[in-house]
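For the protein sequence lines, the chains are A and B, in the order given.
When you line the first sequence up against numbering that gives the first Met the number 0, it's residues 0 to 196, in that order.
When you line the second sequence up against numbering that gives the first Met the number 0, it's residues 0 to 196, in that order.
Scroll down for the structure; my scribbles are underneath it.
There are 2 protein chains.
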Amino acid sequence: MTKIDLDQAQAQILHIFNSIYPMSEALEKSIRQHSKLTTFNKKAHLLQFNEVNKSIYFILQGCVRTYYLNDDGEEHTSWLLTEGELAISVYSFYSQQKSFEAIEALEDCVTLELTHTALSHLYQHHLEFNVIGRYLTEQYYIESESKANALRMLSAKERYHELILRKPQILRRVPLGYIASYLGITQSTLSRIRAKI
Amino acid sequence: MTKIDLDQAQAQILHIFNSIYPMSEALEKSIRQHSKLTTFNKKAHLLQFNEVNKSIYFILQGCVRTYYLNDDGEEHTSWLLTEGELAISVYSFYSQQKSFEAIEALEDCVTLELTHTALSHLYQHHLEFNVIGRYLTEQYYIESESKANALRMLSAKERYHELILRKPQILRRVPLGYIASYLGITQSTLSRIRAKI
DNA sequence: ATATCCTTTTGACAAAAGGCAAAAAATATA
DNA sequence: TATATTTTTTGCCTTTTGTCAAAAGGATAT
Chain A
0 MTKIDLDQAQ AQILHIFNSI YPMSEALEKS IRQHSKLTTF NKKAHLLQFN EVNKSIYFIL
60 QGCVRTYYLN DDGEEHTSWL LTEGELAISV YSFYSQQKSF EAIEALEDCV TLELTHTALS
120 HLYQHHLEFN VIGRYLTEQY YIESESKANA LRMLSAKERY HELILRKPQI LRRVPLGYIA
180 SYLGITQSTL SRIRAKI
Chain B
0 MTKIDLDQAQ AQILHIFNSI YPMSEALEKS IRQHSKLTTF NKKAHLLQFN EVNKSIYFIL
60 QGCVRTYYLN DDGEEHTSWL LTEGELAISV YSFYSQQKSF EAIEALEDCV TLELTHTALS
120 HLYQHHLEFN VIGRYLTEQY YIESESKANA LRMLSAKERY HELILRKPQI LRRVPLGYIA
180 SYLGITQSTL SRIRAKI
């Protein structure tokens with residue numbers, strides 16, 4: 000695992016934020032003060048079921064999944080996230096209620112962590128940061144809609160091929176069982192889809 | 000159709016906004032200046048395919064659906080929205096690109112309209128308004144996620160019963176064909192689900 | 001009231017996807 | 001390298017959902 004430097008990681012995320020909306024020195028400083036590197040070993044949980052999701056994790060290295068358990072105890076993967084993406088359990092983080100969803104590292108991970116408390120502080124004391132928060136939420140919302148629409152209007156095969164087009168790296172990094180679940184199908188069905196090219 | 004008064008409608012939306020984050024007099028005034036009543040007859044389109052979604056509509060009365068066309072020309076309903084909800088085509092409105100989605104009135108509708116230009120102006124000149132925009136986006140994002148998860152982990156029958164629980168009014172107002180589509184199934188399947196109680 | 005239009009249900013059959021278990025392949029571990 | 005472990009594929013059979021077309025039911029307008 001490549002060594003990751005806090006300063007450099009913070010510079011990276013500040014650059015992303017600044018390209019959305021220019022931040023004041025004070026805001027940048029506050030973000031630096033409130034964020035820290037957090038690592039997770041493969042299979043470790045960033046968030047457990049029934050826990051409140053208290054932090055957002057910007058993935059610097061590695062890959063995570065968020066997943067649900069249905070009434071029969073079956074797992075259903077809802078997001079597969081890699082470098083440059085934000086890992087949260089949407090409902091729990093925004094509402095600060097107990098989570099029905101868990102977040103698990105699928106590889107050893109290095110993240111930049113920002114607590115909900117810190118984020119609220121930033122939003123409150125630097126109103127301009129809300130522009131950035133709003134923008135990022137809009138982007139993830141667009142992606143969430145797009146996933147829901149794919150599940151509604153595409154067949155399993157089409158959803159798989161769309162994923163190959165949009166996120167080919169994921170296929171190489173994530174076990175097919177999780178990918179099948181993310182696509183809303185069983186692993187055997189995915190395997191059969193792959194077999195027929 | 001009940002007569003709707005602009006002042007009163009604006010008071011209603013200002014009240015919602017204020018309960019999210021207290022607004023300045025100036026912001027309230029600007030929102031009043033930039034919003035207007037817009038009505039749509041049943042079957043009229045709030046947004047056509049390939050058009051840029053230039054306005055957000057707060058539904059005061061009536062019911063709308065947003066829908067996609069797939070490659071075979073079949074319609075797929077993505078949202079069913081009623082009083083108190085915001086009608087937009089998520090991708091097109093936020094990105095201001097041409098829409099793959101259309102918005103249609105399922106009943107005669109009265110809405111409070113706010114253009115994207117006006118909204119940008121509000122965001123730019125009243126930073127606090129971004130708090131409200133961020134919050135609302137978060138809420139719709141949560142719902143979008145919840146829909147995607149239902150499509151992934153619930154059977155058609157379970158999705159139908161969940162909808163009955165969460166939005167029983169919708170069932171009484173919207174033709175079953177649209178509801179089936181919203182649930183990601185065909186109308187015949189929905190009819191069979193209903194037949195078996 | 002009757003004709004028209006739109007919505008909903010139903011029937012017969014087809015296709016898609018799931019369940020379960022075993023086999024095969026790929027990876028990790030000693 | 002051999003062994004254990006995990007991941008992926010496959011076979012067989014069931015269930016769910018889709019397709020297409022026709023029938024039934026409701027609402028609306030003249």
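Glycine included, each C-beta is placed from N, C-alpha and C at the ideal position.
- Rounded to the nearest whole angstrom, the CA to CA distance from A/I169 to A/C108 is 15 angstroms.
- Contact between the stretch 153-172 of chain A and the stretch 153-167 of chain B is absent: fewer than 3 CB-CB pairs across the two stretches fall below 8 angstroms.
- B/L36 is positioned such that its CB atom lies closer than 8 angstroms to that of B/I3.
- Per the DSSP secondary-structure output, A/C62 pairs in a beta bridge with A/T81.
- Listed along chain A, the residues sitting closer than 8 angstroms to B/R133 by beta-carbon distance are Y122, N129, G132, R133, T136.
- Within the stretch 146-161 of chain A, K146, A147, N148, L150, R151, M152 place their CB atoms closer than 7 angstroms to a CB of chain B, listed in sequence order.
- With respect to the 8 angstroms criterion, A/S143 and B/A147 are classified as neighbours on the basis of their beta carbons.
- In the three-state reduction of the DSSP assignment, B/Y20 falls in the coil class, being assigned neither a helical nor a strand state.
- Residues of the stretch 66-78 of chain B with a C-beta atom less than 7 angstroms from some C-beta of chain A are Y67, N69, H75, S77, listed in chain order.
- Residue pairing from DSSP places A/K97 in a beta bridge opposite A/V51.
- Here the alpha carbon of A/T136 sits roughly 8 angstroms from the alpha carbon of B/Y140.
- Only exposed fits B/G72, as fewer than 16 other CB atoms lie within 10 angstroms of its CB.
- Between the C-alpha atoms of A/S88 and A/T114 there is a straight-line separation of about 13 angstroms.
- The alpha helix (DSSP H) runs of length 4 or more contained entirely in the stretch 148-172 of chain B are, from start to end of the chain, 155-165, 167-172.
- Taking C-beta separations shorter than 6 angstroms and ignoring five residues to either side along the sequence, the partners of A/Y177 in its chain run R64, T76, following chain order.
- At least one CB atom of chain B sits nearer than 8 angstroms to the CB of A/L126.
- Spatial neighbours of A/R31 in its own chain (CB-CB distance under 6 angstroms, excluding positions within 5 residues in sequence) are listed in chain order as Q9.
- For B/G61, no chain A residue has a C-beta closer than 8 angstroms to its own C-beta; the minimum C-beta separation is roughly 22 angstroms.
- For the stretch 83-103 of chain B, the beta-carbon criterion of a distance under 8 angstroms to any beta-carbon of chain A is satisfied by V89, Y90, Y93, S94.
- Contact of B/Y140 with chain A by beta-carbon distance below 7 angstroms involves V89, T136, Y139, Y140, S143.
- In summary, A/A194 is exposed, with fewer than 16 beta-carbon neighbours lying within 10 Å of its beta-carbon over all protein chains present.
- Per the coordinates, the alpha-carbon of B/T185 lies some 30 angstroms from the alpha-carbon of B/I55.
- Contact of A/G176 with chain B by beta-carbon distance below 7 angstroms is absent, the smallest such distance being about 14 angstroms.
- Bounds of the alpha helix (DSSP H) holding B/S119 are 115-124.
- Of the residues A/L121, A/L80, A/T110, the one whose Cα lies closest to the Cα of A/A25 is A/L121.
- When A/L5, A/G61, A/N49 are compared, the shortest CA-CA separation from A/N40 is found for A/G61.
- In the three-state scheme derived from DSSP, where H, G and I count as helix and E and B as strand, B/A86 is classed as strand.
- Bounds of the alpha helix (DSSP H) holding B/S180 are 175-181.
- Boundaries of the beta strand (DSSP E) harbouring B/S34: 34-39, taken from the DSSP string.
- Our two residues, A/E74 and A/V51, have alpha carbons roughly 19 angstroms apart in a direct line.
- The beta-bridge partner set that DSSP reports for B/I102 consists of B/L46, B/T65.
- Residues of the same chain with a CB within less than 8 angstroms of the CB of B/Y134, apart from the 5 flanking positions on each side, are I19, Y20 in chain order.
- For the pair B/Q11 and B/N17, the Cα-to-Cα distance works out to about 10 angstroms.
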